[in-house]
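Residue numbers (this note's numbering): 116 to 372. In this text, a Cβ means the ideal position worked out from N, Cα and C, and glycines have one as well.
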């Protein structure tokens, strides 16, 4: 939110953060002037900034269906703890690179909201999984906090950031891989939420458009494509294993009663 307010303060000519005042005049006069390069440019600005806003707002609660599904079931059957854990790292790396290249909050702000939800999902997975040792997971938390401190105190060398960007695609693929492989192994998708991963795919499509047209960084474009591919794979698995998942969850419910 701090970055968002700073971004708004730097661009007072923007109306609602979506379009410049000059473009408002251009768009309002389109009926009399007709189509022109200025109109097309302003329309592009409005659409892309609108997509940025949709992605940001959607990210605030995109994992809510998944979290509610876990809470309602009272178990985390079929869920991999590695997925939200690696997602947290990937989102943080992604935000760090965006900040480094000077991209505004609207281009990467969803990472903040996603990380909060990933952290809640990770805690719920630990809570509902028997035998989980929080002590054994403490080093992960400490390393993550150390990374955040290094990034946000500008202690990371500039030549490391391209490596960070490339690693994001690898991390997000790795984050989904344990869950994808687990789904194949168990023959169902457990408590995975179709709504959450479906929204992820649509959000990835919108972010791909804004990244390609507003930032143009090939590293970032490749990262979004990789993330979208793994989310789409999970959506297809949920649909493919739909009946088997219902049977598995019904059996688990009987065990817990």
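Handout entry: Nearest residue (CA-CA) to residue 244, options 186, 174 and 179
Key = 186
Handout entry: Beta-carbon proximity check, residue 334 vs residue 280, cutoff 8 angstroms
Key = yes
Problem - the region 309-321 in contact with the region 269-285 per 3-pair CB rule at 8 angstroms - result: no
Problem - Touch test, the region 171-182 against the region 221-238, Cβ-Cβ under 8 angstroms, three pairs minimum - result: yes
Exercise for the section: Check whether the region 302-310 touches the region 213-220, taking contact to mean three or more Cβ pairs, one atom from each stretch, closer than 8 angstroms. Expected result: no
Problem - Within 8 angstroms, strictly: CB atoms of residue 210 and residue 200 - result: no
Problem - Secondary structure, alpha helix (DSSP H): runs of 4+ residues fully inside the region 301-356 - result: 309-325 and 333-355
Exercise for the section: Label residue 250 either buried or exposed according to how many other C-beta atoms from any shown protein chain fall within 10 Å of its C-beta, with 16 as the threshold for buried. Expected result: exposed
Problem - Exposure of residue 190, with buried meaning 16 or more beta-carbon neighbours within 10 Å - result: buried
Handout entry: Straight-line Cα distance separating residue 152 from residue 159
Key = 11 angstroms
Exercise for the section: Sort out for me which residues DSSP pairs residue 368 with in a bridge. Expected result: BP columns for residue 368 are empty, so no partner.
Exercise for the section: Would you mind listing the alpha helix (DSSP H) stretches within the region 210-288 that are 4+ residues and don't spill past its ends, in chain order? Expected result: 225-243 and 249-267
Handout entry: When 365, 194 and 207 are compared against residue 262, the one with the closest alpha-carbon
Key = 207
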